[in-house]
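Novice:
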């Protein structure tokens, strides 16, 4: 089965999938180790290193006003366009840990930099796990040493295992992209099962490529692709304290991607498809999720279509209806009305799986058995048209299930 | 047991509770009837009439951009400061019904006005029930005639029964308020079990008093009290298409309430306590709710404390922790951080039931068994201090339970 399993991610022509045990793109080594942070005894510390001194990178971090210590370190104490190493731990988010947390994260960054023989400003740190617990620094340091000993071009799987928490699916890929200048490689390792859950989850993604990019191109492409993927998903509307996405380009594949070239477009399309499919895998793996949906909103004002799409994606009424396979489109009208409250009455059109159910805010006659069947599929698409046509947006989201409540109400820290 | 059951609603000294079977304040009659809109055969059409031609009124309606037809009629086709009649139906929200819905609501308004021998501009209409279904006008007209025959000063209970949907508690009260000028009466009937559920619920509240108020005073007092009660609650963050709150003052008790007098303050305090307790009863009766909470946020900027309080109240992670009796305060920090994303890092202090758990964004040592016991009570209070002290707000909310998912996922329209 193709990595690109969603109907919402067409596979670009230039992209070829490689087996998951393919070596990382040229210049990269990775490893995972058991440091003892996870009570389960599973791997919990990962290292990624790029052996090219000329590597360029791009970073996107959570926008939360309560960032975790590793986010602060990566944001404020690294050369974000020249990263060559990444230290990741699962089992502890090092969030809501104050100054001590920052000191702990800095110690780990320093130790990883020493282990990788580079300055600490080249090493990003990322953490995922429970909030409000101090990082067991000694364990992480032990994990760094063990991981360093295991660094290998074949280490993507080991790294993946060490960054996962409650993930039910493995979110990684190895791609080749056929450009005019030659073939480039892209690999990615990603985790996430909920935008945030202090017991379990957060969203992390690490992307490696052997393409030769300048820093502005790397940042532009990665920024656009993150906005179209990880920024467009919601499991429970909750922004993590720890979200981190990092692209590193070694340049060692020998194929240069010139700004505004056809190859830049093809590379961008490949990166876009990769990140969108990974983002959809996070949604599908959302805590307790049984079904995922896309809401596509058009209208006259970007702020309004954005608010409407987010409101639908985060409405517990829409999400429970999605869970129940219930074509309860009145809840969509209600969610949009609530999101845009205080303004004029908005006549809206609504389609579910291409079946129009509402025109100008009023119910239509439609084929009820056809609609009932459509909303029980694995992927459900809602389309909402507000007055005007200049703006549009989309959000991917999961349902709200009994398992979500069980996971989040019954397991306490 | 007192109507004022919550610790968050101190009973004003001037207020005396009367038995629920007390007659309505002077000048009011009410009734309920079975019209056949509810499949259960329970009462579903109510009439309220004020027999004083000098009555004054105040109205507050949902701010949604997708208002139901009766909301449009009440907003646009009544003399909102001179209402003397109210027609309510349950069993059908008459929402997302377009122009036909408005025509249906207008027909019912006209029939109620004829039945009550007044102009239609004096009659408000309100509906609650399933969205996206046309109002069965013939049944409502039949109900109006039946209710008219039953109009009585003893009709508050019958009216209450006809406006309820999935309510598990009866939300009404009869109060006396001792003023310098004499005793005035206030009565209220209210329903709501979720901010909105298209299958079931919405929030309606009707308040009658025999006090003599001018229209500006009535509007001011009612507006302030609605803002401090029904505007401060959330079951699932979902704004209804149909929310309606109406105060009618007959003036027939003979006690005049002068603007800016001590009596105005006492009357306002009584109305405030009444509406706050009713609002808390709605939260406690939220779909599937087992526990309710108050989040109190202080800080420098009103917009920020409001966003933070709403984010906590509507966070599925906070709400599931509340359901599980889990002192998982990392979720509060995460919710506030997400609400105020994009700005500076916010050092915040957090208390749960008076126990400080977080200072300046970092975990504190605290008595864990004491905290664990505190969060399993019926009412839980969270306090959050953001930098600065000029602004504050509060939101009351319910938990997120398996029953919420069951009610909203498994019962389809």
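Residue numbers (the working numbering), protein chains in the order written: chain A, 1 to 413; chain B, 1001 to 1413. Don't be surprised by glycine CBs; every beta carbon is placed ideally from N, CA and C. Every value quoted in this text rests on a predicted model; they were computed, and no experiment measured them.
(1) Whole angstroms are fine: how far does the CA of residue 146 (chain A) sit from the CA of residue 1390 (chain B)?
(2) What three-state label does DSSP hand residue 1238 (chain B) in the structure shown?
(3) In angstroms with no decimal places, state the Cα-to-Cα distance between residue 407 (chain A) and residue 1317 (chain B).
(4) With a 10 Å radius around its C-beta and 16 neighbouring C-beta atoms as the bar for buried, classify residue 254 (chain A) as buried or exposed.
(5) Are the beta-carbon atoms belonging to residue 395 (chain A) and residue 331 (chain A) less than 9 Å from one another?
(6) For the candidate residues B:1327, B:1268 and B:1344, whose alpha-carbon lies nearest to that of residue 1351 (chain B)?
(7) Thinking just about the alpha-carbon of each residue, which of A:129, A:105 and A:128 is nearest to the one in residue 120 (chain A)?
(8) Taking the continuous alpha helix (DSSP H) assigned at residue 1397 (chain B), which residues delimit it?
(9) I think residue 278 (chain A) touches residue 225 (chain A), with their Cβ atoms under 8 Å apart; what is that distance to the nearest whole Å?
(10) Below 8 Å on the Cβ atoms is my contact criterion, and I expect residue 101 (chain A) with residue 69 (chain A) to pass it. Report the Cβ-Cβ distance as a whole number of Å.
(11) I'd like the list of long-range same chain contacts for residue 1193 (chain B), defined as Cβ closer than 8 Å, with 5 residues on each side in sequence excluded.
(12) Please work out which residues of its chain come closer than 6 Å, Cβ to Cβ, to residue 1025 (chain B), disregarding the five sequence neighbours upstream and downstream, and give them in chain order.
(13) I think residue 97 (chain A) touches residue 239 (chain A), with their Cβ atoms under 8 Å apart; what is that distance to the nearest whole Å?
(14) Run through DSSP, which three-state label would residue 366 (chain A) get?
(15) Using the beta-carbon of each residue, which ones in chain A are nearer than 9 Å to residue 1020 (chain B)?
(16) Residues in the same chain with beta-carbon distance under 6 Å from residue 1091 (chain B), minus the five sequence neighbours each way, listed in chain order, please.
(17) Expressed to the nearest angstrom, what Euclidean distance is found between the alpha-carbon atoms of residue 1243 (chain B) and residue 1072 (chain B)?
(18) Would you list, in sequence order, the uninterrupted alpha helix (DSSP H) runs of no fewer than 4 residues that lie entirely inside the segment 270-353 of chain A?
(19) When every heavy atom of the ligand SAH is checked, does at least one fall within less than 8 Å of the C-beta of residue 1278 (chain B)?
(20) So what's residue 1257 (chain B) in DSSP terms, helix, strand or just coil?
(21) Got a sec: is the Cβ-Cβ distance from residue 1005 (chain B) to anything in chain A below 9 Å?
(22) First and last residue of the alpha helix (DSSP H) that includes residue 1145 (chain B)?
(23) Check whether the Cβ atoms of residue 308 (chain A) and residue 300 (chain A) lie closer than 9 Å to each other.
(24) In the DSSP assignment, what residue or residues form a beta bridge with residue 1358 (chain B)?
(25) Determine whether the Cβ of residue 1133 (chain B) lies closer than 9 Å to any Cβ atom of chain A.
(26) Taking only beta-carbon atoms, is residue 1092 (chain B) less than 9 Å away from chain A?
(27) How big is the Cα-Cα spacing for residue 58 (chain A) and residue 363 (chain A)?
(28) DSSP state of residue 69 (chain A), grouped into three classes?
(29) Where does residue 171 (chain A) fall in DSSP's three states?
(30) Is residue 1373 (chain B) buried or exposed, if buried means 16 or more other CB atoms sit within 10 Å of its CB?
(31) Inspect the beta-carbon positions of residue 322 (chain A) and residue 375 (chain A) and report whether they are closer than 9 Å.
(32) Strictly by DSSP, which residues pair up with residue 179 (chain A)?
(33) For residue 1344 (chain B) and chain A, any beta-carbon pair shorter than 9 Å?
(34) Could you check if residue 1040 (chain B) is buried or exposed, using at least 16 other CB atoms within 10 Å of its CB as the buried criterion?
(35) Give me the Cβ distance between residue 221 (chain A) and residue 271 (chain A), rounded to the nearest whole Å; I'm assuming they're in contact under 8 Å.
(36) What number of angstroms, rounded off, separates the C-alpha of residue 139 (chain A) from the C-alpha of residue 116 (chain A)?
Specialist: Quick look at the numbers:
(1) 52 Å
(2) coil
(3) 10 Å
(4) exposed
(5) no
(6) B:1327
(7) A:105
(8) Element bounds for residue 1397 (chain B): not the alpha helix (DSSP H) but the beta strand (DSSP E), 1391-1398.
(9) Wrong, their Cβ atoms sit about 10 Å apart, outside the cutoff.
(10) 4 Å
(11) 1165, 1166, 1167, 1168, 1200, 1201, 1235, 1282, 1285, 1286 and 1287
(12) 1185, 1187, 1208, 1209 and 1210
(13) Contact doesn't hold; Cβ gap of about 18 Å is too wide.
(14) coil
(15) By Cβ distance, chain A contributes nothing, its closest Cβ being about 32 Å from residue 1020 (chain B), past 9 Å.
(16) 1037, 1038, 1044 and 1129
(17) 11 Å
(18) 302-314, 316-324 and 330-339
(19) With respect to the ligand SAH, the structure shown offers nothing to examine, as it has no ligands at all.
(20) coil
(21) no
(22) 1137-1150
(23) no
(24) B:1350 and B:1363
(25) yes
(26) no
(27) 47 Å
(28) helix
(29) strand
(30) exposed
(31) yes
(32) A:182
(33) yes
(34) exposed
(35) 6 Å
(36) 18 Å
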